Structures are given as C-alpha cells and as structure tokens.
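Residue numbers (the working numbering): 2 to 60.
Backbone N, C-alpha and C define an ideal beta-carbon position, used for all residues, glycine too.
Please read all numbers here as calculations on a predicted model, not as lab measurements.
As structure tokens, the structure follows; a few thoughts come after it.
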C-alpha cells in the first residue's frame, strides 16, 4: 500500500495554486463574478471562511 503523504502534499500544492489564481481573479471581478469565485473557494478549501476573512472579502 502506498504512502498517503505524497498524495496529500500534491493536493495541497494544487489547491494553493488554484486559490492564488482565484484571488487574482477576485480582485478584478464584478459583483456577480465575485459571488461565483467565493462559491468556488468555499467548495475547494476546508478553511475557506478564514481564508476569505484574510482576503477581506465580505460574503
């Protein structure tokens, strides 16, 4: 049975890259686009509420 750690590290790195791209898009997004991006962040990350608070995004 393979070790789960490398798989989890790969997932974390991919999640971090996606969140970075979403944050860049969020800065330039319109109001309706922001709602879609916020929903994607919530679906993607287990700590989404804290992350959105750090980004100073009102949901």
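| Using the C-alpha atoms, what's the distance from residue 9 back to residue 28? | Position 27 of the chain shown, counted from the first residue, corresponds to residue 28. Position 8 of the chain shown, counted from the first residue, corresponds to residue 9. Straight-line Cα distance between these residues: approximately 29 angstroms.
| field | C-alpha distance - residue 17 paired with residue 42, whole-angstrom precision | value | The residue you call residue 17 lines up with position 16 of the chain shown. The residue you call residue 42 lines up with position 41 of the chain shown. Distance between the alpha carbons of residue 17 and residue 42: 11 angstroms.
| said: Distance check for residue 37 and residue 66, CA to CA, integer angstroms please. | reply: Outside the shown range of the chain, which is 2 to 60, sits residue 66, and nothing can be said about it.
| query | How about residue 19 and residue 53: are their beta carbons less than 9 angstroms apart? | reply | Taking the first residue of the chain shown as 1, we reach residue 19 at position 18. Taking the first residue of the chain shown as 1, we reach residue 53 at position 52. Result no, Cβ atoms of residue 19 and residue 53 do not sit closer than 9 angstroms.
| query | Which value, in whole angstroms, describes the spacing of the CA atoms of residue 14 and residue 25? | reply | The sequence position of residue 14 within the chain shown is 13, counting from 1. The sequence position of residue 25 within the chain shown is 24, counting from 1. Near 17 angstroms, if we compare the C-alpha coordinates of residue 25 and residue 14.
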